[in-house]
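Undergrad: Here our numbering is used: the first residue of the sequence shown is 18, the next is one more, and so on.
Think of the CB as a built atom: it goes at the ideal place given N, C-alpha and C, for glycine as much as any other residue.
Okay, handing you the structure first.
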Amino acid sequence: MEKKPVNSATRSLATRLLFLISSILYTCTLATSQELLIGFKASPSSSVSSFQSLLNDSTSTFSLGFLRANQTQLALTVVHLPSLQPLWQANPTSSFRWSDKTQLFFNGSLVISDPHTRSFWSSGTSQQGDKVVLLNSSNLQIVQKQQVLWQSFDFPTSTLVENQNFTSNMSLVSSNGLYSMRLGVDFMALYANFKDGKTQQMYWKHKALEAKAEVVQGKGPIHARLESDGFLGMYQIGKTPVDIQPFNSFHRPIDTFLVLRLEPDGNLKGYYWAQTDWVVDYQAITETCELPSPCGSYGLCRPGSGCSCLDNRTQVDTGSFQCIDGKDQSGDFCSGSDDFWVIRRKGVELPFKELMASDTKSSSVEECELSCHRNCSCWGAVYSNVTGFCYLVDYPIQTLVGVGDESKIGYFKVRVTRGGHKKMKAGIRALGAVIMALTGVVLGYAGYKIWSTRRTWPKRVLEENAEVSPGPYKNLGSASFKSIEMF
Numbered sequence: 018m019e020k021k022p023v024n025s026a027t028r029s030l031a032t033r034l035l036f037l038i039s040s041i042l043y044t045c046t047l048a049t050s051q052e053l054l055i056g057f058k059a060s061p062s063s064s065v066s067s068f069q070s071l072l073n074d075s076t077s078t079f080s081l082g083f084l085r086a087n088q089t090q091l092a093l094t095v096v097h098l099p100s101l102q103p104l105w106q107a108n109p110t111s112s113f114r115w116s117d118k119t120q121l122f123f124n125g126s127l128v129i130s131d132p133h134t135r136s137f138w139s140s141g142t143s144q145q146g147d148k149v150v151l152l153n154s155s156n157l158q159i160v161q162k163q164q165v166l167w168q169s170f171d172f173p174t175s176t177l178v179e180n181q182n183f184t185s186n187m188s189l190v191s192s193n194g195l196y197s198m199r200l201g202v203d204f205m206a207l208y209a210n211f212k213d214g215k216t217q218q219m220y221w222k223h224k225a226l227e228a229k230a231e232v233v234q235g236k237g238p239i240h241a242r243l244e245s246d247g248f249l250g251m252y253q254i255g256k257t258p259v260d261i262q263p264f265n266s267f268h269r270p271i272d273t274f275l276v277l278r279l280e281p282d283g284n285l286k287g288y289y290w291a292q293t294d295w296v297v298d299y300q301a302i303t304e305t306c307e308l309p310s311p312c313g314s315y316g317l318c319r320p321g322s323g324c325s326c327l328d329n330r331t332q333v334d335t336g337s338f339q340c341i342d343g344k345d346q347s348g349d350f351c352s353g354s355d356d357f358w359v360i361r362r363k364g365v366e367l368p369f370k371e372l373m374a375s376d377t378k379s380s381s382v383e384e385c386e387l388s389c390h391r392n393c394s395c396w397g398a399v400y401s402n403v404t405g406f407c408y409l410v411d412y413p414i415q416t417l418v419g420v421g422d423e424s425k426i427g428y429f430k431v432r433v434t435r436g437g438h439k440k441m442k443a444g445i446r447a448l449g450a451v452i453m454a455l456t457g458v459v460l461g462y463a464g465y466k467i468w469s470t471r472r473t474w475p476k477r478v479l480e481e482n483a484e485v486s487p488g489p490y491k492n493l494g495s496a497s498f499k500s501i502e503m504f
């Protein structure tokens, strides 16, 4: 029987079907597990460009895996799969390489290690777990015979998810490590880490309103929980909240997933997932200029006008707004008055002065400035001529708020950076030394020429007068030389 030729369209369709079947079979062979047992090991694959899933919940909404960062690094994270948004991260302060030498394994505890960078993290369970599971709530758990030995909900990083408890011994930390959220006796607050981890400045505080229940002293600490009804509640005893911070979706029938995240700019924001994108549902700080440092070090924020600099200079072109390099944050101004220079500015105030501890009365702006000038740990002061309050700033200067009231006066120290002004001063000193050396050489040469001229001038005079060739003139008397020198 004669074979009919296969046209190109039929061949193309067959090729596509074969590729589709192969892809499905390949995906099935690599199907992500729903539990990790003792002996499990995994390393990042070089073929993965963004996220390598290792463990899914039963709905495949959440996944534990390797999230690629900066091409060469990874984070062990629980992500929201539709958006790849990280919800929890193991050891966010350490970096692990995206390399086959980096390994995650389960030996009763969950462990990830990178021998090259010596980075290491372990769940550190006191008892040996049987398996690792990921719940439909995004909670990662190590269990032993149905008993929970460890869970990620007890160690939040920058994000809370709905129905997750937040206790007084926990903290949320922004991904850049600059800001944190903690609970107090009857409040929650946001803190800025402006000074080498030694000083944390509170910049936002929300006290429990106690409308439905009161905080009772001696009845234990308060805790918070992000409720699926669309609010952030604070509780102490029972299920009645001592405070409610409503989201925009409060009491609205939205069947979606809620999260609360401390952002890199220091704001606390709530979001809900709208099938294709995250929608902002809550903001603790609604005005940009009330954020801890929206315009960076030595910046000036004017409501409705954006950012400028305290010294009126154009911003440094670094891709992000920056006025003065604030990297040198030692806080030591006692080594000499030449270690800093000063910016004075009228019409400024601190964005969260009500939460600052260093407010004192001063009789004048000069007294306020002097109290900061003499204080080694003081970076600046803001004085009000109306109230007489002097606010001392004990951390490197961040963004100030511009106001129309010029009776509010700022005094700000600017550290002479080791890489900038000090290098310039060293260069000036070196140039001065070179100039002095050259001056010495010139003066020395000039002195030599004068001495040489005085020594040879009598010979030239006599030679010109006598019109004879040079000679030793040994027979000339001393009187002849004296008359010539006196001439």
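Specify, as a first and last residue, the run of the beta strand (DSSP E) that residue 223 falls within.
TA: Indexing the sequence shown from 1 puts residue 223 at position 206. 216–224 is the span of the beta strand (DSSP E), which, as asked, contains residue 223.
Undergrad: Report buried or exposed for residue 403, applying the criterion of at least 16 other Cβ atoms within 10 angstroms of its Cβ.
TA: To locate residue 403, count along the sequence shown from 1; it is residue 386. Its Cβ having fewer than 16 others within 10 Å, residue 403 is exposed.
Undergrad: Going along the chain, which residues of its own chain have a beta-carbon closer than 6 Å to the beta-carbon of residue 150, five neighbours each way excluded?
TA: In the sequence shown, the residue the question calls residue 150 occupies position 133. Closer than 6 Å at Cβ, skipping near neighbours: 52, 158.
Undergrad: What number of angstroms, rounded off, separates the C-alpha of residue 411 from the C-alpha of residue 393?
TA: Numbered from its first residue, the sequence shown carries residue 411 at position 394. Numbered from its first residue, the sequence shown carries residue 393 at position 376. Rounded to the nearest angstrom, the gap between the Cα atoms of residue 411 and residue 393 is 9 Å.
Undergrad: Looking at the structure shown, is residue 495 part of a helix, part of a strand, or coil, going by DSSP?
TA: Stepping through the sequence shown from its first residue, residue 495 is reached at position 478. Reliability of the predicted coordinates at residue 495 is poor, the pLDDT of 37 falling under 50, and the value obtained from them is presented with this limitation in mind. Helix, per DSSP.
Undergrad: Are the CB atoms of residue 136 and residue 113 within a distance shorter than 8 Å?
TA: Your numbering for residue 113 matches position 96 in the sequence shown. Your numbering for residue 136 matches position 119 in the sequence shown. It is a contact, given that the beta carbons lie within the stated cut-off.
Undergrad: Examine the Cβ distances between the region 314–329 and the region 411–431 and report whether three or more of them are shorter than 8 Å.
TA: yes
Undergrad: Could you tell me how far apart the beta carbons of residue 289 and residue 278 are, in whole angstroms, since I believe they sit closer than 8 Å?
TA: Here the question's residue 289 lines up with position 272 in the sequence shown. Here the question's residue 278 lines up with position 261 in the sequence shown. Incorrect: roughly 12 Å between the Cβ atoms, too far for contact.
Undergrad: Which residues in the same chain as residue 311 place their Cβ atom closer than 6 Å to its Cβ, once the five residues preceding and following it in sequence are excluded?
TA: As a working mapping, residue 311 is identified with position 294 in the sequence shown. Cβ neighbours of residue 311 beyond the five flanking positions: 305, 318, 416.
Undergrad: Can you say whether residue 275 is buried or exposed, counting buried as having 16 or more other CB atoms within 10 angstroms of its CB?
TA: Taking the sequence shown and counting its residues from 1, the one referred to as residue 275 is at position 258. Answer is buried; the Cβ neighbour count reaches 16.
Undergrad: Could you have a look at residue 19 and say whether DSSP puts it in helix, strand or coil?
TA: The residue you call residue 19 lines up with position 2 of the sequence shown. With a pLDDT of only 45 at residue 19, under the threshold of 50, the placement of this residue in the model should not be trusted; the figure read from the coordinates follows. It is coil, neither helix nor strand.
Undergrad: DSSP three-state call for residue 231: helix, strand or coil?
TA: Locating residue 231 in the sequence shown gives position 214, counting from the first residue. It is coil, neither helix nor strand.
Undergrad: Using a 10 Å radius around the Cβ and a threshold of 16 neighbouring Cβ atoms, would you call residue 179 buried or exposed?
TA: Here residue 179 refers to the residue found at position 162 of the sequence shown. Residue 179 counts as buried, since no fewer than 16 other beta carbons sit within 10 angstroms of its beta carbon.
Undergrad: For residue 423, which option in 363, 398, 192, 154 has the closest C-alpha, if you only look at C-alpha atoms?
TA: Numbered from its first residue, the sequence shown carries residue 423 at position 406. Residue 363 is the option with its Cα nearest to residue 423.
Undergrad: Just tell me which of 244, 383, 153 has its CA closest to the CA of residue 182.
TA: Along the sequence shown, one-based indexing puts residue 182 at 165. The shortest Cα separation from residue 182 among 244, 383, 153 belongs to 244.
Undergrad: Is residue 239 near residue 253, with beta carbons less than 8 Å apart?
TA: Residue numbering aside, residue 239 sits at position 222 when the sequence shown is read from its first letter. Residue numbering aside, residue 253 sits at position 236 when the sequence shown is read from its first letter. Yes, the Cβ-Cβ distance between residue 239 and residue 253 is below 8 Å.
Undergrad: Counting C-beta neighbours from all protein chains within 10 Å, is the total for residue 445 16 or more, i.e. buried, or is it exposed?
TA: Within the sequence shown, residue 445 is the residue found at index 428, counting from 1. Reliability fails at residue 445, whose pLDDT of 42 lies under 50, so the model's placement of it is uncertain and the value that follows must be treated cautiously. It is exposed - the Cβ of residue 445 has fewer than 16 other Cβ atoms within 10 Å.
Undergrad: Taking only the alpha-carbon atoms, compute the straight-line gap between residue 216 and residue 397 and give it to the nearest angstrom.
TA: The sequence position of residue 216 within the sequence shown is 199, counting from 1. The sequence position of residue 397 within the sequence shown is 380, counting from 1. Straight-line Cα distance between these residues: approximately 15 Å.
Undergrad: Kindly list the residues whose CB is nearer than 7 Å to the CB of residue 307, restricted to its own chain and excluding five residues on each side of it in sequence; keep chain order.
TA: Taking the first residue of the sequence shown as 1, we reach residue 307 at position 290. Taken in chain order, the residues that qualify are 368.
Undergrad: In this structure, what does DSSP give as the bridge partners for residue 200?
TA: The residue given as residue 200 occupies position 183 in the sequence shown. DSSP lists 205 as partners of residue 200.
Undergrad: How many Å lie between residue 120 and residue 285 at the Cα?
TA: Counting from 1 along the sequence shown, the entry for residue 120 is found at position 103. Counting from 1 along the sequence shown, the entry for residue 285 is found at position 268. Each residue's Cα considered, the two are about 34 Å apart.
Undergrad: Between the region 73–87 and the region 95–108, do three or more beta carbon pairs fall short of 8 Å?
TA: Touching, yes, given that three or more Cβ pairs across the two stretches are closer than 8 Å.
Undergrad: Below 8 Å between beta carbons: does that hold for residue 84 and residue 91?
TA: Counting from 1 along the sequence shown, the entry for residue 84 is found at position 67. Counting from 1 along the sequence shown, the entry for residue 91 is found at position 74. A contact, by the Cβ cut-off of 8 Å.
Undergrad: Is DSSP giving residue 171 helix, strand or coil here?
TA: For the purposes of this step, residue 171 is taken as residue 154 along the sequence shown, with counting starting at 1. Helix at residue 171.
Undergrad: Give me the DSSP bridge partner(s) of residue 432.
TA: The residue labelled residue 432 in the question sits at position 415 within the sequence shown. Partner(s): 357.
Undergrad: Check whether the Cβ atoms of residue 218 and residue 209 sit closer than 8 Å, and answer yes or no.
TA: On the sequence shown, position 201 is the one that residue 218 refers to. On the sequence shown, position 192 is the one that residue 209 refers to. Cβ atoms of residue 218 and residue 209: closer than 8 Å.
Undergrad: Taking 8 Å as the threshold (C-beta atoms), are residue 340 and residue 351 in contact?
TA: Your numbering for residue 351 matches position 334 in the sequence shown. Your numbering for residue 340 matches position 323 in the sequence shown. Their beta carbons are not under 8 Å apart, which means residue 351 does not touch residue 340 by this criterion.
Undergrad: Provide the residue(s) that pair with residue 287 in DSSP beta bridges, ordered along the chain.
TA: Translated into positions along the sequence shown, residue 287 becomes position 270. Within the DSSP bridge table, the entry for residue 287 names 277, 299 as partners.
Undergrad: Can you name the residues that DSSP bridges to residue 103?
TA: The sequence position of residue 103 within the sequence shown is 86, counting from 1. Looking at the DSSP assignment, residue 103 forms a beta bridge with 96.
Undergrad: Assuming contact is defined by CB atoms lying nearer than 8 Å, are residue 224 and residue 203 in contact in what I supplied?
TA: Locating residue 224 in the sequence shown gives position 207, where the first residue counts as 1. Locating residue 203 in the sequence shown gives position 186, where the first residue counts as 1. Going by C-beta atoms, residue 224 is nearer than 8 Å to residue 203.
Undergrad: For residue 386, count neighbouring Cβ atoms within 10 angstroms of its own Cβ and tell me buried if that reaches 16, exposed if not.
TA: Mapped onto the sequence shown, residue 386 falls at position 369. A buried status is given to residue 386, since no fewer than 16 other beta-carbon atoms sit within 10 Å of its beta-carbon.
Undergrad: Could you name the residues that DSSP lists as bridge partners for residue 260?
TA: Residue numbering aside, residue 260 sits at position 243 when the sequence shown is read from its first letter. Note: residue 260 sits in a beta bridge opposite 251.
Undergrad: So residue 105 and residue 184 are in contact, right, with Cβ under 8 Å, and what is the actual spacing, rounded?
TA: Translated into the one-based positions of the sequence shown, residue 105 becomes position 88. Translated into the one-based positions of the sequence shown, residue 184 becomes position 167. That pair is no contact at about 16 Å.
Undergrad: Below 8 Å on the Cβ atoms is my contact criterion, and I expect residue 360 with residue 431 to pass it. Report the Cβ-Cβ distance as a whole number of Å.
TA: Counting from 1 along the sequence shown, the entry for residue 360 is found at position 343. Counting from 1 along the sequence shown, the entry for residue 431 is found at position 414. Sure, about 6 Å apart at Cβ, within 8 Å.
Undergrad: Roughly how many whole angstroms lie between the Cα atoms of residue 134 and residue 109?
TA: Here residue 134 is taken as the residue at index 117 of the sequence shown, counted from 1. Here residue 109 is taken as the residue at index 92 of the sequence shown, counted from 1. When only Cα atoms are considered, residue 134 and residue 109 end up about 15 Å apart.
Undergrad: Going by beta-carbon coordinates alone, are residue 395 and residue 409 separated by less than 8 Å?
TA: Indexing the sequence shown from 1 puts residue 395 at position 378. Indexing the sequence shown from 1 puts residue 409 at position 392. In this structure, residue 395 lies near residue 409, with their beta-carbon atoms less than 8 Å apart.
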